[in-house]
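Each remark here refers to the structure printed beneath this line.
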Amino acid sequence: MPDLKIIKDFPDDFTFGVATSSYQIEGNSFGNSGLSHWDCFSKIKGNVYNNESGKIACAHILNYKEDIKLISEAGFSAYRFSFSWPRILPDGKGRINQDGISFYDKLIDEILENNLKTFSTLYHWDLPKNFMSQGGWKNRDTTKWFADFTDVIMRNFSDRLHSIATINEPWCVSWLSHYLGEHAPGEVTIEAGVKTMHMILVAHAEALQVIRSHNYKNVGIVLNKQFVQPFDEKSETLKVTNLADEIHNLWFDEAIFKGSYPTQTIKLFSKYMPDNFEEDLKFISQPLDWVGVNYYTRSIIKVDKSETFLGYKSVKGDLIVTDMGWEVFPEGLKNLIERLHNKYSKNVPIFITENGMANRDCLKNGKINDFERIKFYSDHLKQCKNLIENDIPLKGYFAWSLLDNFEWAYGYSKRFGIVYVDFDNLERIPKLSWKEFKKNLTNKEN
Ligand code: IFM
């Protein structure tokens, strides 16, 4: 039987938390929220499983007290959540929705009353709908509007935020959403992909500058990393594997920690980069207080000439997969963090800001025995422990996710939560993984 006893071997000051995001749980039909580009994207048939959207989601807006209680009862010491831009500024800029401010006021107070640290994220993908007609993240003005939104957050909440992340997963915001088209706004052009790969980093820098102007000290960014491996050892394969690694991982590491872009990719991208992009690199590489890594799987890269721009595609490997079809490869986490620390972030504290798995959880006699998930967490925590023993400044680990939720293009068909959500009546039912976290974080049997 898998267990999470390993939790007891972590240093006392190591942070264990859970993570969520606004659009995935809140329910944006509540509280006079504005719309985001996900509301538009999900309306187009074929974009999201079953034409689902975040309208109701987990109705966290109505149930946040119960949800925060579930976090503190399990013994976690931190909660990572995100602010919804259109909930606070329904048009993206200008008019403030007081109901939005009041919701986050109450949420933050509830988190603090439950003795949890507030790990906040400014942007976890709900771009105000209003900006779509103006080019969204392709438009440099959006980075300025993001700075203005950041200022609203700082003025209202910064004294109660333990930490702030500017952007969640810039690769998803740019490449996945504008070149691969899998996420809102669903663009599929090289121009959009390349431009947003740069603009999202400018947005990060704009927000960082505002945050610093408020003398705030605990700010970082959250990068999603995939361990990239070649399909075979042919030189052509190794070359495209390096390109894939650069686009997925090193583009962000190099820009943020070194103020440059990796060579193979910038050569390929140069024709499509915004004018004078070099002038932004110093701005993008302002010092950070911590860096977050979201890790789920590896990617195997094979030469594929039918992909005419990149010359490669990812192919399936032979490891066990989660319900997302993602291979379980805990060693990748260790490798990626070691490289990040040794070559880029150096002594900047690192947090695993997301890690977890989608599983076909079944409710039987009121119980969900998600053994696979417990094993997944245990195997990844082993890698974390090993990193700490090797003096890597790994300071915390956040399970993705607290609740089953709106899994973007997969709608509600994929369950990542340690707490089951019955989407018919929104009842929350703690899974065995939640109980196992509780057992080891609180030393209490349930
Ligand atoms: O659900 C997402 C989350 O929003 C960002 N990181 C990956 C998770 C699982 O796909």
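Residue numbers (the numbering used here): 34 to 479. All residues carry an ideal CB built from backbone N, CA and C; glycine is no exception.
Span separating the alpha-carbon of Leu276 from that of Pro263
Residue mapping note: residue 276 aligns to position 243 of the sequence shown, counting from 1. Residue mapping note: residue 263 aligns to position 230 of the sequence shown, counting from 1. If I take the Cα positions, the gap works out to 11 Å.
Among Trp71, Lys346, Pro119, which has the Cα closest to the Cα of Asp337?
In the sequence shown, residue 337 corresponds to position 304, counting from 1. The residue with the shortest Cα to Cα distance from Asp337 is Lys346.
For Gln57, which of helix, strand or coil comes out of DSSP?
Locating residue 57 in the sequence shown gives position 24, where the first residue counts as 1. Helix.
Segment contact flag, the region 355-366 with the region 405-417, C-beta cutoff 8 Å, min 3 pairs
yes
In angstroms with no decimal places, state the Cα-to-Cα distance between Phe63 and Phe179.
Taking the first residue of the sequence shown as position 1, residue 63 is located at position 30. Taking the first residue of the sequence shown as position 1, residue 179 is located at position 146. C-alpha separation (whole angstroms): 23 Å.
Going by CA-CA distance only, name the one from Met357, Leu314, Thr270, Phe109 that's closest to Lys447.
Along the sequence shown, read from residue 1 onward, the residue named residue 447 stands at position 414. For the residues Met357, Leu314, Thr270, Phe109, the minimum Cα distance to Lys447 belongs to Met357.
My output table needs one value for Asn479: the three-state DSSP class, helix, strand or coil.
As a working mapping, residue 479 is identified with position 446 in the sequence shown. Here the model assigns Asn479 a pLDDT of 46, short of 50, so the residue's position is not dependable and the matter cannot be decided.
Are Val324 and Ser378 touching if we call contact CB-CB under 8 Å?
Against the sequence shown, residue 324 aligns to sequence position 291. Against the sequence shown, residue 378 aligns to sequence position 345. Yes, they are a contact pair.
Could you please give me the residues that DSSP links to Ile334 through a beta bridge?
The residue given as residue 334 occupies position 301 in the sequence shown. Beta-bridge pairing links Ile334 to Pro263, Ser347.
Return yes when the Cβ of His231 is within less than 8 Å of the Cβ of Met306, no when it is not.
Position 273 of the sequence shown, counting from 1, holds the residue named residue 306. Position 198 of the sequence shown, counting from 1, holds the residue named residue 231. Contact flag set, yes.
Proximal residues to Gly444 (C-beta, below 6 Å), its chain only, five neighbours per side dropped
Reading the sequence shown from its first residue, position 411 is the one you call residue 444. Closer than 6 Å at the Cβ level, and outside the excluded window around Gly444, lie Val81, Tyr82, Asn83, Glu85.
Taking the DSSP output, what are the residues bridged to Val324?
Taking the sequence shown and counting its residues from 1, one reaches residue 324 at position 291. For Val324, which the question treats as bridged, DSSP gives the partners Ile254, Ile383.
For Leu459 versus Ala92, is the C-beta distance shorter than 8 Å?
In the sequence shown, residue 459 corresponds to position 426, counting from 1. In the sequence shown, residue 92 corresponds to position 59, counting from 1. Closer than 8 Å, so yes.
Beta strand (DSSP E) runs wholly inside the region 147-200, at least 3 long, in chain order
150-156
Give me the residue from Tyr294, Asn375, Val185, Asp72 with the minimum Cα distance to Gln131.
The residue labelled residue 131 in the question sits at position 98 within the sequence shown. Among Tyr294, Asn375, Val185, Asp72, the Cα nearest to that of Gln131 is on Val185.
By the three-class DSSP mapping on this structure, what secondary structure does Lys468 have?
For the purposes of this step, residue 468 is taken as the residue at position 435 of the sequence shown. Looking at Lys468 - three-state DSSP - the assignment turns out to be helix.
Length of the line joining the Cα atoms of Thr296 and Ile383:
Along the sequence shown, one-based indexing puts residue 296 at 263. Along the sequence shown, one-based indexing puts residue 383 at 350. Cα to Cα, the separation comes out at about 25 Å.
Under 7 Å: does the beta carbon of Trp71 sit that close to some heavy atom of the ligand IFM?
For the purposes of this step, residue 71 is identified with residue 38 of the sequence shown, where counting begins at 1. It does not: the Cβ of Trp71 is nowhere closer than 7 Å to a heavy atom of the ligand IFM.
So, do the region 428-444 and the region 47-63 have three or more beta carbon pairs nearer to each other than 8 Å?
yes
Out of His216, Arg372, Glu469, Asp308, state which residue places its alpha-carbon closest to the alpha-carbon of Leu283.
Taking the sequence shown and counting its residues from 1, the one referred to as residue 283 is at position 250. Minimum Cα distance to Leu283 is reached at Arg372.
Report the residue from Tyr97, Phe182, Asp42 whose alpha carbon sits nearest the alpha carbon of Glu59.
Against the sequence shown, residue 59 aligns to sequence position 26. That would be Tyr97, whose Cα lies nearest to the Cα of Glu59.
Where does Ser105 sit, in a helix, a strand or coil, going by DSSP?
Against the sequence shown, residue 105 aligns to sequence position 72. Three-state result, Ser105: helix.
Would you please state the rounded distance, in angstroms, between the beta carbons of Thr355 and Met390? I believe it to be under 8 Å.
The residue you call residue 355 lines up with position 322 of the sequence shown. The residue you call residue 390 lines up with position 357 of the sequence shown. Between Met390 and Thr355 the Cβ distance is about 4 Å, and since that is below 8 Å, they are a contact.
Asn479 versus Lys471 - alpha carbon distance:
For the purposes of this step, residue 479 is identified with residue 446 of the sequence shown, where counting begins at 1. For the purposes of this step, residue 471 is identified with residue 438 of the sequence shown, where counting begins at 1. The predicted model places Asn479 with a pLDDT of 46, which falls under 50 and marks its position as unreliable, so this point remains unresolved.
Validate contact between the region 250-257 and the region 193-203 using beta carbons, cut 8 Å, 3 pairs:
yes
Can you tell me which of the three DSSP states Tyr212 falls into?
Within the sequence shown, residue 212 is the residue found at index 179, counting from 1. If DSSP states are grouped into helix, strand and coil, Tyr212 belongs with coil.
Reference Asn398, options Arg188, Ser207, Ile462, Pro161, closest by Cα:
On the sequence shown, residue 398 is found 365 positions in, with the first residue counted as 1. Of Arg188, Ser207, Ile462, Pro161, the residue nearest in Cα terms is Ile462.
Less than 8 Å between the beta carbons of Phe164 and Gly226, yes or no?
As a working mapping, residue 164 is identified with position 131 in the sequence shown. As a working mapping, residue 226 is identified with position 193 in the sequence shown. Taking 8 Å as the Cβ cut-off, Phe164 and Gly226 do not qualify as a contacting pair.
Which residues DSSP lists as bridging Trp433, in chain order:
As a working mapping, residue 433 is identified with position 400 in the sequence shown. Answer is Ala52, bridged to Trp433.
Presumed contact (8 Å Cβ cut-off) between Ala288 and Ile317, rounded CB distance:
The residue given as residue 288 occupies position 255 in the sequence shown. The residue given as residue 317 occupies position 284 in the sequence shown. Confirmed, Cβ separation roughly 5 Å.
Pull up the CB-CB distance for Tyr56 and Gly87, whole angstroms please, since I reckon it's below 8 Å.
Within the sequence shown, numbered from 1, the residue matching residue 56 stands at position 23. Within the sequence shown, numbered from 1, the residue matching residue 87 stands at position 54. Rounded, the Cβ-Cβ distance is 5 Å, consistent with contact.
Could you give the C-beta distance for Gln259 and Ser332, rounded to a whole number, given that I count them as a contact under 8 Å?
Position 226 of the sequence shown holds residue 259. Position 299 of the sequence shown holds residue 332. So it is a contact: roughly 5 Å between Cβ atoms.
Suppose you measure from the CA of Phe290 to the CA of Pro320; what does that come to, to the nearest Å?
Mapped onto the sequence shown, residue 290 falls at position 257. Mapped onto the sequence shown, residue 320 falls at position 287. Their backbone Cα atoms lie some 8 Å apart in a straight line.
Taking Ala111 as part of the beta strand (DSSP E), name the residues at either end of that continuous run.
Your numbering for residue 111 matches position 78 in the sequence shown. Segment 111-115, the beta strand (DSSP E) holding Ala111.
Secondary structure of Tyr453, DSSP reduced to three states
One-based indexing of the sequence shown puts residue 453 at position 420. The answer is strand: DSSP assigns Tyr453 an E or B state.
Who are the Cβ neighbours of Gln416 in its own chain at under 6 Å, not counting the five residues just before and after it?
On the sequence shown, position 383 is the one that residue 416 refers to. Cβ neighbours of Gln416 beyond the five flanking positions: Pro363, Leu366, Lys367.
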